[in-house]
Amino acid sequence: MKQIKIDENVFYVGTNDRKKSLFENNWPLPFGVSYNSYLVADKHTALIDTLEYGSKSDYFDTINALLDGRPLDYLIINHLEPDHSSMIGEVMNRYPQVKVVGSRQCQRLLTSYYSVPEEQVVEIKDEDILDLGTHKLSFVMIPWVHWPETMVTYDTTAKIAFTCDAFGSFGTLDGAIFDDETDSSKYEDEMRRYYSNIVGKYSVNVQKAFEKLKDVEIGTICPSHGLIWRSNPQKVLSLYNKWCNWQSEDGVVIVYASMYGNTEKMADYVARVLAEEGVRQIRIFDVSKTHPSFILSEIWKYKGLILGTCAYNGEMHPQMGLLCSELHISAPKNKIVALFGSSTWNGAGGKALTAFAQQEGFETIAECVQISGKAEDGKFAQLEEMAKLFASKMK
Ligand code: FEO
């Protein structure tokens, strides 16, 4: 394979994964994912993060070609989740003298996953310098983005921030590795899906990371998934800044769970009224058809959220329950929220949705609107009123 050079003696040695169906065995990967690993082959040499085990058969051939007979001196671990660390054992086997560099938390977790001799572990802290020759690396601890040991490695010479999961994205790197080699906007949906699915819960910690990095001059961002941002790092910084502060766009996501079409009719009715009232971005999802991963991403994108469910065994529909569970974890904020449901006996679905909204601290614009039995003409007045109120709140 061709050498992929980021700066003098700094190289991309990552790979794409087009085989895996579910990231973390939970999140669909229709466009795959990349695992980015980096090598600094200076007077001293350092590998920054590894790969998911078995994802690149010629990983060490690539590294050895760049090392050109020299040993690997350091393995820097920004983050220990196995999609980046599960090659550590192989690295230790091939370069037995390598020093493993990480945060204090990393040290603790490292030995619970891998067998690394204590004397080869180097604990670093904020602002420590690892001098590789021309390239001098410093470190910024950004705990809980999204594991406790997370840190950024910063090349003070080349102004490169190796940020691991932060500023990452789903989606493989199809030829283009750098943001200026493709239309980077085509990654935006997959970036937001990655953020909302993986990092969103930790938005306060992302805000703290921004605060710690605010005086760092960043020329290039090298994350562990997705594009390298060398021409316009401000683009990914500004997107992450928007998402971690729960800023969203004008528009409404309507999600429904429907067994026999009545709750679906209510969703369509609400959407039609919203459109008549001037709302221009409306997305409707059948929660039983679209995986919560994608719905969550749209919910992070838009300001309005309307949830509707039928009743099911005295609860909300189980697929709506799954979405609510993911919403509880991801915890998007600053939403305008409304609820609806269809009932047969006592409206248990709508009641369960109401309890969920209260538990999450969502302020709903009105009480949950329920239609009993068939959703048909003559029963939509209350739903219309709710939709009109919702549209007015959106303005
Ligand atoms: Fe890409 Fe948190 O691992």
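Counting from 5, one number per residue, gives the positions in the sequence shown under the working numbering. Each residue gets a CB set at the ideal place from its N, CA and C atoms; glycine is no exception.
### Closest Cα partner of Pro237 within the set Gln386, Ser292 and Thr167
Within the sequence shown, residue 237 is the residue found at index 233, counting from 1. Answer by Cα proximity: Thr167.
### Message
On the DSSP bridge list, what partners appear for Ile164?
### Response
Here residue 164 refers to the residue found at position 160 when the sequence shown is read from its first residue. The partner list for Ile164 (beta bridge, DSSP) reads Asp159 and Thr224.
### Message
Out of Pro336, Ala352 and Glu281, which one is the CA nearest neighbour of Pro322?
### Response
Start at 1 with the first residue of the sequence shown, and residue 322 comes out as number 318. Ranking Pro336, Ala352 and Glu281 by Cα distance to Pro322 puts Ala352 first.
### Message
Tell me the DSSP secondary structure of Gly345 in three-state form.
### Response
Taking the sequence shown and counting its residues from 1, the one referred to as residue 345 is at position 341. DSSP places Gly345 in strand when its eight states are reduced to three.
### Task
Taking all protein chains shown into account, decide if Lys355 is buried (16 or more other Cβ within 10 angstroms of its Cβ) or exposed.
In the sequence shown, counting from the first residue as 1, residue 355 sits at position 351. By the neighbour-count rule (16 or more Cβ atoms within 10 Å), Lys355 is buried.
### Query
Between Thr19 and Ser41, what straight-line distance do the alpha-carbon atoms span, to the nearest angstrom?
As a first step, residue 19 is located in the sequence shown; it is residue number 15 there, counting from the start. As a first step, residue 41 is located in the sequence shown; it is residue number 37 there, counting from the start. If you take the alpha carbons of Thr19 and Ser41, they lie about 8 angstroms apart.
#### Entry: Whether Asp135 touches Ser142 by CB criterion (8 angstroms)
The residue given as residue 135 occupies position 131 in the sequence shown. The residue given as residue 142 occupies position 138 in the sequence shown. Not a contact, by the Cβ cut-off of 8 angstroms.
### Query
Nearest to Gly204 by CA position, among Asp178, Ile286, Lys24 and Ala170, is which residue?
Within the sequence shown, the letter at position 200 stands for residue 204. Residue Ala170 is the option with its Cα nearest to Gly204.
### chain C within 8 angstroms of Gly18, Cβ atoms only
Note that chain C does not occur in the displayed structure, where there is just one protein chain.
### Task
Would you identify the three-state DSSP class for Tyr42, choosing helix, strand or coil?
In the sequence shown, counting from the first residue as 1, residue 42 sits at position 38. It is a strand residue.
### Task
Please confirm whether Ile286 and Val256 have their CB atoms less than 8 angstroms apart.
In the sequence shown, counting from the first residue as 1, residue 286 sits at position 282. In the sequence shown, counting from the first residue as 1, residue 256 sits at position 252. It is a contact, given that the beta carbons lie within the stated cut-off.
### Message
Alpha carbons only, please: which of Gly223, Tyr191, Leu79 and Ile202 is nearest the one belonging to Asn29?
### Response
Taking the first residue of the sequence shown as 1, we reach residue 29 at position 25. The shortest C-alpha separation from Asn29 is found at Ile202.
### Message
Which residue marks the beginning of the beta strand (DSSP E) containing Thr176, and which one marks its end?
### Response
Taking the first residue of the sequence shown as 1, we reach residue 176 at position 172. First-last for Thr176: undefined, no H or E at that position.
### Task
Note down, one range per segment and in chain order, each alpha helix (DSSP H) of at least 4 residues found wholly within the stretch 58–87.
63–71
### Boundaries of the beta strand (DSSP E) in which Lys140 is found, first to last residue
The count along the sequence shown starts at 1 and reaches residue 140 at position 136. Counting along the chain, the beta strand (DSSP E) containing Lys140 begins and ends at Lys140 to Met145.
#### Entry: For Thr176 and Val37, believed in contact at Cβ under 8 angstroms, the rounded distance
Numbered from 1 along the sequence shown, position 33 holds the residue referred to as residue 37. Numbered from 1 along the sequence shown, position 172 holds the residue referred to as residue 176. Contact holds; Cβ gap of about 7 angstroms.
### Task
Use the C-beta contact count for Ala359: other C-beta atoms within 10 angstroms, 16 or more gives buried, fewer gives exposed.
As a working note, residue 359 is residue 355 in the sequence shown. So Ala359 counts as exposed.
### Task
Using the DSSP secondary-structure output, state which residues sit across from Lys392 in a beta bridge.
In the sequence shown, the residue the question calls residue 392 occupies position 388. According to DSSP, Lys392 bridges with nothing at all.
### Message
What does the alpha-carbon distance come out to for the pair Ser329 and Lys378?
### Response
Taking the sequence shown and counting its residues from 1, the one referred to as residue 329 is at position 325. Taking the sequence shown and counting its residues from 1, the one referred to as residue 378 is at position 374. Near 28 angstroms, if we compare the C-alpha coordinates of Lys378 and Ser329.
### Query
Given a threshold of 16 other Cβ atoms within 10 Å of its Cβ, counted over all protein chains shown, does Gly282 qualify as buried or as exposed?
The count along the sequence shown starts at 1 and reaches residue 282 at position 278. It is exposed - the Cβ of Gly282 has fewer than 16 other Cβ atoms within 10 Å.
### Message
Distance check for Gly265 and Gly345, CA to CA, integer angstroms please.
### Response
Position 341 of the sequence shown, counted from the start, is the residue given in the question as residue 345. Position 261 of the sequence shown, counted from the start, is the residue given in the question as residue 265. Roughly 12 angstroms separates the two Cα atoms.
### Query
Can you check whether the CB of Asn245 is closer than 8 angstroms to the CB of Phe214?
Within the sequence shown, the letter at position 210 stands for residue 214. Within the sequence shown, the letter at position 241 stands for residue 245. A contact, by the Cβ cut-off of 8 angstroms.
### Task
Provide the residue span of the beta strand (DSSP E) that contains Val373, from first to last.
Position 369 of the sequence shown, counted from the first residue, corresponds to residue 373. Its beta strand (DSSP E) spans residues Val373 to Ser376.
### Query
Can you tell me the Cα-Cα spacing of Ser347 and Ser376, whole angstroms?
Looking up residue 347 in the sequence shown gives position 343. Looking up residue 376 in the sequence shown gives position 372. So the alpha carbons of these two residues sit roughly 5 angstroms apart.
### Counted within 10 angstroms of its Cβ, other Cβ atoms place Val291 as buried (16 or more) or exposed
On the sequence shown, residue 291 is found 287 positions in, with the first residue counted as 1. Classification of Val291: buried, given that the 10 Å Cβ count is 16 or more.
### Message
Counting beta carbon pairs with one atom in the stretch 178–186 and one in the stretch 117–124, are three or more of them shorter than 8 angstroms?
### Response
no
### Query
Tell me, which residues are paired with Lys129 by DSSP?
Taking the first residue of the sequence shown as position 1, residue 129 is located at position 125. DSSP, once it has assigned bridges, lists no residue as partnering Lys129.
### Query
Within the present structure, is the beta-carbon of Asp87 separated from the nearest heavy atom of the ligand FEO by less than 7 angstroms?
In the sequence shown, residue 87 corresponds to position 83, counting from 1. Yes; taking the cut-off as 7 angstroms, the Cβ of Asp87 has a heavy atom of the ligand FEO nearer than that.
### Selected residue, minimal CA-CA separation from Ile222, among Lys190, Asn249 and Thr160
Residue 222 sits at position 218 when you count from the first residue of the sequence shown. Looking at the Cα atoms, Thr160 is the closest of the given residues.
### Span separating the alpha-carbon of Phe27 from that of Leu387
Translated into the one-based positions of the sequence shown, residue 27 becomes position 23. Translated into the one-based positions of the sequence shown, residue 387 becomes position 383. Approximately 38 angstroms, taken between the alpha carbons.
### Message
Under 7 angstroms: does the beta carbon of Ser207 sit that close to some heavy atom of the ligand FEO?
### Response
Residue 207 sits at position 203 when you count from the first residue of the sequence shown. No, Cβ of Ser207 sits at least 7 angstroms from all heavy atoms of the ligand FEO.
### Query
Which value, in whole angstroms, describes the spacing of the CA atoms of Ala162 and Glu127?
In the sequence shown, counting from the first residue as 1, residue 162 sits at position 158. In the sequence shown, counting from the first residue as 1, residue 127 sits at position 123. So the alpha carbons of these two residues sit roughly 23 angstroms apart.
### Message
Could you check whether the Cβ of Asp169 sits closer than 7 angstroms to any heavy atom belonging to the ligand FEO?
### Response
Position 165 of the sequence shown, counted from the start, is the residue given in the question as residue 169. The answer is yes for Asp169.
### 6 angstroms Cβ shell around Lys337 - same chain, five flanking residues per side excluded
As a position in the sequence shown, residue 337 is number 333, starting the count at 1. Excluding sequence neighbours, Lys337 sits near Trp250.
### Message
Measuring only from the beta carbon, is Trp151 closer than 7 angstroms to any heavy atom that is part of the ligand FEO?
### Response
Taking the sequence shown and counting its residues from 1, the one referred to as residue 151 is at position 147. Trp151: yes, Cβ under 7 angstroms from the ligand FEO.
### Message
So Gly179 and Tyr198 are supposed to be a Cβ contact under 8 angstroms. How far apart are they, rounded?
### Response
As a first step, residue 179 must be located in the sequence shown, where it is residue number 175. As a first step, residue 198 must be located in the sequence shown, where it is residue number 194. Incorrect: roughly 20 angstroms between the Cβ atoms, too far for contact.
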